[in-house]
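Protein chains in written order, with this note's numbering: chain U, 1 to 163; chain B, 1 to 163. In what follows, a single structure is set out as structure tokens and then discussed.
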């Protein structure tokens with residue numbers, strides 16, 4: 001398959017720019033950044049911070065799984081905008097270290113997914129379109145929606161980034 | 001390119017099942033369906049109903065543009081769960097009427113996008129990954145988030161559908 005990294009690195013750079021706007025929003029209004037970082041749309045949903053981490057890990061996982069590259073494990077200890085920016089940067093750095101050639105034939109490669117105790121095997125193509133793509137956008141959109149719900153002035157153009 | 005319709009028809013069927021749960025939620029609790037249908041996460045964001053319509057139109061548009069099939073225009077007059085279900089059904093019916101062969105070579109075909117008065121031309125591939133895919137998931141996720149924010153009991157499994 002075509003290397004999917006450029007699209008997802010592009011989206012993560014858009015997410016980084018959105019985080020920068022959220023941080024400026026807090027600075028300008030003397031808002032405690034934790035008010036945004038720990039915000040959720042409902043008590044049993046993920047916080048903003050957690051959605052950013054899962055967005056990063058979904059992108060990292062798709063690059064690793066489809067290219068059969070070792071998936072580096074990052075500790076989930078980010079609690080500030082600065083630390084989230086560093087997490088996004090190291091995620092992109094890993095993704096962009098995978099050569100185009102490693103994705104050749106990825107459509108047909110086995111990808112094993114764990115659902116609790118159960119394991120299921122999908123083709124690379126089914127994993128990508130059925131899990132990786134919707135999950136990535138789900139968590140990035142939810143992070144965006146949490147900021148919008150809290151009044152941060154961002155729009156669809158920020159979400160899509162410059163194309 | 002591989003026919004993208006099966007993935008997006010699958011997602012629209014998941015959206016349809018989510019709508020059915022939202023309607024049942026209203027029935028069970030004697031909630032006016034409009035409380036959900038007109039809900040937004042912020043005053044200048046789209047309502048639930050509008051997000052469902054844009055999700056449908058993004059899917060319809062990608063099937064039409066990439067296959068160079070005439071894009072049928074549907075009136076945006078849905079105001080009930082039942083009407084939204086019919087909109088989803090006719091969107092899927094159109095998408096599934098496009099033959100696989102019509103997507104051959106779509107990566108390199110020109111797709112013209114309008115941004116206000118400005119027109120820009122993208123390859124099919126750049127249109128698909130840069131606009132269609134993120135926009136589709138953005139609006140479907142926002143519809144889902146509006147329901148979750150209002151306490152409808154749905155989860156990621158509903159969002160992804162059975163894979």
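Glycine is no exception: its CB is placed at the ideal position from the N, C-alpha and C atoms. Predicted model only: the values in this text are computed from it and were never measured.
Task: Pairwise C-alpha distance: residue 141 of chain B and residue 19 of chain B - done: The count along the second chain starts at 1 and reaches residue 19 of chain B at position 19. The count along the second chain starts at 1 and reaches residue 141 of chain B at position 141. Rounded to the nearest angstrom, the two C-alpha atoms are 13 Å apart.
TODO: With 7 Å as the threshold, decide whether the Cβ of residue 33 of chain U is near any Cβ in chain B.
DONE: As a first step, residue 33 of chain U is located in the first chain; it is residue number 33 there, counting from the start. False, the Cβ-Cβ gap to chain B never drops below 7 Å.
Open item on the list: Taking the alpha carbon of residue 148 of chain B as the reference point, which residue from U:45, U:16 and U:39 has its own alpha carbon closest?
Closed with: In the second chain, the residue the question calls residue 148 of chain B occupies position 148. Comparing Cα-Cα distances from residue 148 of chain B to each of U:45, U:16 and U:39, the minimum goes to U:45.
Task: residue 148 of chain U at chain B interface by Cβ criterion, 7 Å - done: One-based indexing of the first chain puts residue 148 of chain U at position 148. Yes, its Cβ sits closer than 7 Å to a Cβ of chain B.
TODO: Mind checking who residue 123 of chain B pairs with in its DSSP beta bridge?
DONE: For the purposes of this step, residue 123 of chain B is identified with residue 123 of the second chain, where counting begins at 1. Answer is B:110, bridged to residue 123 of chain B.
Task: Reduced DSSP category for residue 115 of chain U - H, G, I as helix; E, B as strand; rest coil - done: Here the question's residue 115 of chain U lines up with position 115 in the first chain. Under the three-state reduction of DSSP, residue 115 of chain U is assigned to strand.
Open item on the list: Please report the straight-line C-alpha distance between residue 113 of chain B and residue 35 of chain B, rounded to a whole angstrom.
Closed with: Taking the second chain and counting its residues from 1, the one referred to as residue 113 of chain B is at position 113. Taking the second chain and counting its residues from 1, the one referred to as residue 35 of chain B is at position 35. Roughly 34 Å between the two C-alpha positions.
Open item on the list: Using only the alpha-carbon positions, how far apart do residue 151 of chain B and residue 42 of chain U sit?
Closed with: Position 151 of the second chain, counted from the first residue, corresponds to residue 151 of chain B. Position 42 of the first chain, counted from the first residue, corresponds to residue 42 of chain U. Approximately 8 Å between the Cα atoms of the pair.
Task: chain B contacts made by the segment 128–141 of chain U, where a contact means CB separation under 9 Å - done: 129, 130, 131, 133, 134, 135, 136, 137, 138, 139, 140 and 141
Open item on the list: Taking CB distances under 7 Å as the criterion, tell me whether residue 163 of chain B reaches chain U.
Closed with: Working through the second chain from its first residue, we reach residue 163 of chain B at position 163. For residue 163 of chain B, the answer is yes, since a Cβ of chain U falls inside 7 Å of its Cβ.
Open item on the list: Taking contact to mean 3 or more Cβ pairs, one atom from each stretch, closer than 8 Å, check whether the segment 77–97 of chain B and the segment 108–125 of chain B are in contact.
Closed with: no
Task: Residue closest to residue 154 of chain U, alpha-carbon to alpha-carbon, out of U:25, U:8, U:5 and U:2 - done: The sequence position of residue 154 of chain U within the first chain is 154, counting from 1. Comparing alpha-carbon positions, the option among U:25, U:8, U:5 and U:2 lying closest to residue 154 of chain U turns out to be U:25.
TODO: Measure how close the beta-carbons of residue 132 of chain U and residue 51 of chain U come, nearest whole angstrom, since I'm counting them as under 8 Å.
DONE: By one-based count along the first chain, residue 132 of chain U stands at place 132. By one-based count along the first chain, residue 51 of chain U stands at place 51. No, residue 132 of chain U and residue 51 of chain U are not in contact; Cβ-Cβ is about 16 Å, not under 8 Å.
Task: the segment 121–140 of chain U / the segment 96–106 of chain B touching (three or more Cβ pairs under 8 Å) - done: In this structure the segment 121–140 of chain U does not lie against the segment 96–106 of chain B, because fewer than three pairs of beta carbons, one per stretch, are closer than 8 Å.
Task: Buried versus exposed call for residue 116 of chain U [16 or more other C-beta atoms within 10 Å across all chains shown] - done: In the first chain, residue 116 of chain U corresponds to position 116, counting from 1. By the neighbour-count rule (16 or more Cβ atoms within 10 Å), residue 116 of chain U is not buried but exposed.
Open item on the list: Restricting to Cα atoms, I'd like to know which of U:13, U:118, U:57 and U:21 is closest to residue 135 of chain U.
Closed with: In the first chain, residue 135 of chain U corresponds to position 135, counting from 1. Residue U:57 is the option with its Cα nearest to residue 135 of chain U.
Open item on the list: On the CB-based measure, 16 or more other CB atoms within 10 Å of its CB, does residue 72 of chain U come out buried or exposed?
Closed with: Translated into positions along the first chain, residue 72 of chain U becomes position 72. Exposed: under 16 other Cβ atoms inside 10 Å.
Task: Whole-angstrom distance between residue 129 of chain B and residue 127 of chain U, CA atom to CA atom - done: For the purposes of this step, residue 127 of chain U is taken as the residue at position 127 of the first chain. For the purposes of this step, residue 129 of chain B is taken as the residue at position 129 of the second chain. Their Cα atoms are separated by approximately 17 Å.
Open item on the list: At the 7 Å Cβ level, is residue 53 of chain U part of the contact set with chain B, yes or no?
Closed with: Indexing the first chain from 1 puts residue 53 of chain U at position 53. Taking Cβ atoms only, chain B never reaches closer than 7 Å to residue 53 of chain U, which makes this a no.
- [ ] Taking only beta-carbon positions, decide if residue 19 of chain B is within less than 7 Å of chain U.
- [x] By one-based count along the second chain, residue 19 of chain B stands at place 19. It does not; no Cβ of chain U falls within 7 Å.
Task: Segments of 3+ residues assigned as beta strand (DSSP E) that fall wholly inside the segment 11–60 of chain U - done: none
Task: Bounding residues of the alpha helix (DSSP H) (the contiguous stretch that carries residue 158 of chain U) - done: If you number the first chain from 1, residue 158 of chain U lands on position 158. Here the alpha helix (DSSP H) through residue 158 of chain U covers 156–160.
TODO: Tell whether a beta-carbon distance below 7 Å holds between residue 37 of chain B and residue 49 of chain B.
DONE: In the second chain, residue 37 of chain B corresponds to position 37, counting from 1. In the second chain, residue 49 of chain B corresponds to position 49, counting from 1. Closer than 7 Å, so yes.
Task: Residue-level contact to chain U via CB, residue 145 of chain B, 7 Å cutoff - done: To locate residue 145 of chain B, count along the second chain from 1; it is residue 145. So yes, residue 145 of chain B belongs to the interface.
TODO: Identify which residue in B:22, B:53 and B:60 has its Cα closest to the Cα of residue 96 of chain B.
DONE: Taking the second chain and counting its residues from 1, the one referred to as residue 96 of chain B is at position 96. Taking only the C-alpha atoms, the option nearest residue 96 of chain B is B:60.
Open item on the list: Rounded to whole angstroms, what is the Cα-Cα separation between residue 78 of chain U and residue 93 of chain B?
Closed with: By one-based count along the first chain, residue 78 of chain U stands at place 78. By one-based count along the second chain, residue 93 of chain B stands at place 93. Roughly 45 Å separates the two Cα atoms.
Open item on the list: 7 Å is my cut-off, CB to CB: does residue 42 of chain U come that close to chain B?
Closed with: Against the first chain, residue 42 of chain U aligns to sequence position 42. Yes, contact with chain B.
TODO: Go ahead and label residue 99 of chain B buried or exposed: buried means 16 or more other beta carbons lie within 10 angstroms of its beta carbon, across all protein chains shown.
DONE: Counting from 1 along the second chain, the entry for residue 99 of chain B is found at position 99. So residue 99 of chain B ends up on the exposed side.
Open item on the list: So the candidates are U:90, U:39, U:76 and U:101; which of them puts its Cα closest to the Cα of residue 68 of chain U?
Closed with: As a position in the first chain, residue 68 of chain U is number 68, starting the count at 1. Measuring from the Cα of residue 68 of chain U, the nearest candidate turns out to be U:101.
- [ ] Consider the Cβ of residue 15 of chain B: report whether some Cβ of chain U lies at a distance smaller than 7 Å.
- [x] The residue given as residue 15 of chain B occupies position 15 in the second chain. Residue 15 of chain B does not count as touching chain U.
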